[in-house]
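In what follows, a structure is listed as structure tokens, so that the remarks can point back to it.
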Amino acid sequence: MKILMVCLGNICRSPLAEGIMRHLVQEKGLDWEIDSAGTGNWHIGHPPDHRAIKEAHRHRIDISGLSARQFQTADFDAFDRIYVMDHNNHRDVLKKARNAADKAKVYHLLPDDQDVPDPWFDDALFAPVFKLIYDACKSITDNKQ
1 MKILMVCLGN ICRSPLAEGI MRHLVQEKGL DWEIDSAGTG NWHIGHPPDH
51 RAIKEAHRHR IDISGLSARQ FQTADFDAFD RIYVMDHNNH RDVLKKARNA
101 ADKAKVYHLL PDDQDVPDPW FDDALFAPVF KLIYDACKSI TDNKQ
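In UniProt numbering, the protein residues as written are 1 to 145.
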């Protein structure tokens with residue numbers, strides 16, 4: 001299974017999701033590949049936000065070596081599932097879809113198409129966002145889907 005996590009800038013939510021999912025996949029011994037990307041291009045090549053790195057580190061997950069990249073149409077070919085963090089990411093990813101098969105790979109990370117709040121403007125959101133993402137990733141790995 002190849003999974004891509006997508007948020008806006010690929011420096012807060014999606015690198016957290018990538019790190020958490022990699023951690024859970026390793027714990028369960030699953031042979032999955034995990035990556036992340038952003039729909040925007042502002043942070044290409046940058047590491048995750050220092051607050052995301054710090055929150056992940058509190059949970060013994062190291063995301064400091066990740067580097068932001070932008071979502072590309074070719075990602076539909078490279079990944080089996082693409083999990084987006086919010087409705088805007090969903091819309092932006094679907095704009096790049098070439099066909100129904102591409103669209104069928106795109107899912108909201110949270111159940112019932114809920115948004116993962118963007119913690120960029122509120123330091124206090126990093127801990128609850130981590131928990132939301134962790135719980136969603138755990139559900140995915142528990143159900144192996």
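All C-beta atoms, glycine included, are put in the ideal place defined by N, C-alpha and C.
Computed from a predicted structure; not experimentally measured.
Coil, strand or helix - residue i by DSSP
i: residue 95; result: helix
i: residue 5; result: strand
Closest residue to residue i among the options (Cα-Cα distance)
i: residue 44; options: 7, 83 and 109; result: 7
i: residue 132; options: 118, 76 and 143; result: 118
i: residue 105; options: 59, 48, 84 and 122; result: 84
i: residue 182; options: 89, 81 and 10; result: Nothing about residue 182 can be read from this structure; the chain reaches only from 1 to 145.
i: residue 39; options: 123, 12 and 142; result: 12
i: residue 124; options: 14, 52 and 41; result: 52
i: residue 72; options: 5, 66 and 144; result: 5
Residue i, buried or exposed, once every other Cβ within 10 Å from all chains shown has been counted against 16
i: residue 57; result: exposed
i: residue 78; result: exposed
i: residue 37; result: buried
i: residue 33; result: exposed
i: residue 111; result: exposed
i: residue 87; result: exposed
The alpha helix (DSSP H) enclosing residue i, as first and last residue numbers
i: residue 25; result: 13 to 28
i: residue 129; result: 126 to 143
i: residue 103; result: 100 to 103
Start-to-end residues for the beta strand (DSSP E) that takes in residue i
i: residue 106; result: 106 to 108
i: residue 116; result: Careful: residue 116 lies outside any beta strand (DSSP E) and carries neither H nor E.
Exercise for the section: Pick out the complete alpha helix (DSSP H) segments inside the region 34 to 77, 4 residues or longer, and give them in chain order. Expected result: 50 to 58
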